[in-house]
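Colleague: Quick one: the structure is below, and I'll ask about it shortly.
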Amino acid sequence: MYQRFKACLIQPSKIADYIKEPKKHTIIYTSLLLFIYILPLVLLAVVANPYPDVVTNLFTTALTEENTIDYEIKDGILVKTNDAAKPKCLDVVIDKERNLTAIIAFDDTGSDFTNYIESENKRNFALVFNKESIDLVRVVKTTASVEKPNIMNKTPDIELVETVYKTTTVTSLTYEELGYTNLSFSLSNYENETDFRFTMSKAVNKAFEYINPILIPFIIIVVALVGITMYFFSVLFIAALYKLLYRYLNLNFGVVFKGVILCSTPYVICCLIGTLTNLQFLEIIGNLIMLFYTTKALTNYKIK
Numbered sequence: 075m076y077q078r079f080k081a082c083l084i085q086p087s088k089i090a091d092y093i094k095e096p097k098k099h100t101i102i103y104t105s106l107l108l109f110i111y112i113l114p115l116v117l118l119a120v121v122a123n124p125y126p127d128v129v130t131n132l133f134t135t136a137l138t139e140e141n142t143i144d145y146e147i148k149d150g151i152l153v154k155t156n157d158a159a160k161p162k163c164l165d166v167v168i169d170k171e172r173n174l175t176a177i178i179a180f181d182d183t184g185s186d187f188t189n190y191i192e193s194e195n196k197r198n199f200a201l202v203f204n205k206e207s208i209d210l211v212r213v214v215k216t217t218a219s220v221e222k223p224n225i226m227n228k229t230p231d232i233e234l235v236e237t238v239y240k241t242t243t244v245t246s247l248t249y250e251e252l253g254y255t256n257l258s259f260s261l262s263n264y265e266n267e268t269d270f271r272f273t274m275s276k277a278v279n280k281a282f283e284y285i286n287p288i289l290i291p292f293i294i295i296v297v298a299l300v301g302i303t304m305y306f307f308s309v310l311f312i313a314a315l316y317k318l319l320y321r322y323l324n325l326n327f328g329v330v331f332k333g334v335i336l337c338s339t340p341y342v343i344c345c346l347i348g349t350l351t352n353l354q355f356l357e358i359i360g361n362l363i364m365l366f367y368t369t370k371a372l373t374n375y376k377i378k
């Protein structure tokens, strides 16, 4: 394996010899390349972990714009600061171009908030502050027909359509677990915005202490899948390109694909270094080397 890796990295003239090897050897070598390729992506996603800061910014910005929230946590229970207060739903824009939003809801009943959702998205995640816990809820917007009685014909007419929200709780954390004994969500109750943001940041970080054991494995899986997809997209694209442009070599696609995988070794190493050092141009250099190696390897393979 070491000799193959060395040849694929710095000896392109020898790569043609490995194209002839059994498929199982190629599968093992591809798995090694994939591990090297996704490792820095996973490490950066887990170690850097920018999610608490992102969530804090989105959360505090939404509350700042609202200024006053008629709910607060007092003695570990969500209570109204105004007896006439109704459930409050805030839309948080995550990505405006992709129309991605989330909902922050304050509702001591834990269910009435669906009647106050104004988001146009059919699917949302809602962070619901209910009486004793914070629930992460999946919200799906659907429509339902309602039967309207017809007194004259004594038969119902199905003519009304109303919006219905179906909710599914993903996870739940009690205020006691999070240490939220007394917490106000209204900017007007703080001396200044800095004090408010600092308090919200502490609250978010406490939540992530409990969520991370669930979140990190999910992040690893997603990043790994994205990395694998990116790698195979690059390899398949180049393999298809060479199959099209070098038809005179009369090589089947399997041989070309295997050759590109072997020649992708310098590309993978350049991506590894580029990701760890934040030098994105190294990926371009890796692509150019891969193209040069592939041309040389496939030509040598045909000659041999």
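Numbering (the numbering used here), first residue to last: 75 to 378. The beta carbon of each residue, even a glycine, is placed where N, CA and C say it ideally should be. Remember, predicted model here, so these are calculated numbers, not experimental data.
(1) Helix, strand or coil: how does DSSP classify Leu-257 here?
(2) In angstroms with no decimal places, state the Cα-to-Cα distance between Thr-273 and Phe-199.
(3) Inspect the beta-carbon positions of Ile-89 and Ala-371 and report whether they are closer than 7 Å.
(4) May I ask which residues mark the beginning and end of the alpha helix (DSSP H) holding Asn-279?
(5) Should Ala-179 and Val-202 be called a contact, given that it needs their Cβ atoms to be closer than 7 Å?
(6) Buried or exposed for Asn-185, going by 16 or more other Cβ atoms inside 10 Å?
(7) Where do the ends of the beta strand (DSSP E) carrying Glu-146 lie?
(8) Quick check on Asn-204: buried or exposed, where buried means 16 or more other Cβ atoms within 10 Å of its Cβ?
(9) Which residue wins for smallest C-alpha separation from Ser-308, given the options Leu-362, Val-297, Ile-293, Glu-267?
(10) Find the nearest neighbour of Leu-252 within the set Leu-323, Tyr-284, Tyr-264, Asp-91, judged by alpha-carbon distance.
(11) Exposed or buried, Phe-311, counting other C-beta atoms within 10 Å across all chains shown (16 or more means buried)?
(12) Between which two residues does the beta strand (DSSP E) carrying Thr-175 extend?
(13) What residues are listed by DSSP as bridge partners for Lys-154?
(14) Is the distance from the Cβ of Lys-332 to the Cβ of Ile-93 below 7 Å?
(15) Could you please give the first and the last residue of the uninterrupted alpha helix (DSSP H) stretch that includes Phe-59?
(16) If you draw a straight line from the C-alpha of Tyr-322 to the C-alpha of Thr-373, how long is it?
(17) For Tyr-341, name the three-state secondary structure that DSSP assigns.
(18) If you follow the beta strand (DSSP E) that Phe-203 is in, where does it begin and where does it stop?
(19) Alpha carbon to alpha carbon, how far is Gln-354 from Gly-348? Give it in angstroms, no decimals.
(20) Going by other Cβ atoms of all chains shown within 10 Å of its Cβ, with 16 needed for buried, is Leu-356 buried or exposed?
Modeller: Working from what's here:
(1) strand
(2) Rounded to whole angstroms, the separation of the alpha carbons of Phe-199 and Thr-273 is 23 Å.
(3) yes
(4) 267 to 319
(5) yes
(6) Sequence check: residue 185 is Ser here, not Asn. Exposed, because fewer than 16 other Cβ atoms sit within 10 Å of the Cβ of Ser-185.
(7) 145 to 148
(8) Answer is buried; the Cβ neighbour count reaches 16.
(9) Leu-362
(10) Tyr-284
(11) exposed
(12) If you look at Thr-175, you'll find it in the beta strand (DSSP E) that goes 174 to 180.
(13) Partner(s): Tyr-145.
(14) yes
(15) Here the chain has residues from 75 to 378 only, and residue 59 is not among them.
(16) 11 Å
(17) Correct three-state label for Tyr-341: helix.
(18) 197 to 203
(19) 5 Å
(20) Sixteen is the threshold: when 16 or more other Cβ atoms of the shown chains lie within 10 Å of the Cβ of Leu-356, as they do, the residue is buried.
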